[in-house]
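Input: a single structure, listed below in structure tokens.
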Amino acid sequence: MEPSLEGKVVLVTGANTGIGEQTARCFARMGATVVLGVRSLKRGEAAAKDIRQCLQHEKGACGTVIVLKGDLADVVDVARFAKAFI
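Residues 216 to 301 in the working numbering are what the sequence shown spells out, letter by letter.
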């Protein structure tokens with residue numbers, strides 16, 4: 216039995232591929248609201264859709280998955296990203 220993260224918000228950067236996507240998937244599986252921090256909205260939305268579909272097949276429900284665009288290499292974008300996240 217996995218611990219529950221219901222009511223928690225988790226931000227995962229680089230969440231559209233690799234370790235970031237798998238981490239987001241695990242948090243969503245535990246019921247968290249997961250914010251995918253990505254540079255590409257198109258790839259982020261595709262990852263979010265995949266996470267939702269996989270988890271629905273596993274147990275019928277999962278935490279909320281939200282996509283938020285942000286480039287951590289751009290200071291101005293980081294400020295915008297933080298404001299949008301808050």
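Ideal Cβ placement from N, Cα and C applies to all residues, glycine included.
Counting C-beta neighbours from all protein chains within 10 Å, is the total for residue i 16 or more, i.e. buried, or is it exposed?
{"i": "residue 159", "result": "Since the first residue of the chain shown is 216 and the last is 301, residue 159 is not available in this structure."}
{"i": "residue 280", "result": "buried"}
I need the straight-line Cα distance from residue i to residue j, nearest angstrom please.
{"i": "residue 219", "j": "residue 243", "result": "10 Å"}
{"i": "residue 235", "j": "residue 249", "result": "11 Å"}
{"i": "residue 223", "j": "residue 285", "result": "21 Å"}
{"i": "residue 229", "j": "residue 300", "result": "15 Å"}
{"i": "residue 227", "j": "residue 233", "result": "12 Å"}
{"i": "residue 293", "j": "residue 253", "result": "11 Å"}
{"i": "residue 287", "j": "residue 297", "result": "10 Å"}
{"i": "residue 289", "j": "residue 269", "result": "32 Å"}
{"i": "residue 237", "j": "residue 231", "result": "9 Å"}
Give me the Cβ distance between residue i and residue j, rounded to the nearest whole Å; I'm assuming they're in contact under 8 Å.
{"i": "residue 256", "j": "residue 282", "result": "6 Å"}
{"i": "residue 266", "j": "residue 240", "result": "5 Å"}
So, residue i versus residue j, is the Cβ gap smaller than 7 Å?
{"i": "residue 261", "j": "residue 251", "result": "no"}
{"i": "residue 187", "j": "residue 273", "result": "Because the chain in this structure spans residues 216 to 301, residue 187 falls outside the shown range and cannot be described."}
At 4 residues or longer, what runs of the alpha helix (DSSP H) sit wholly inside the stretch 239-289? The qualifying runs are 256-274.
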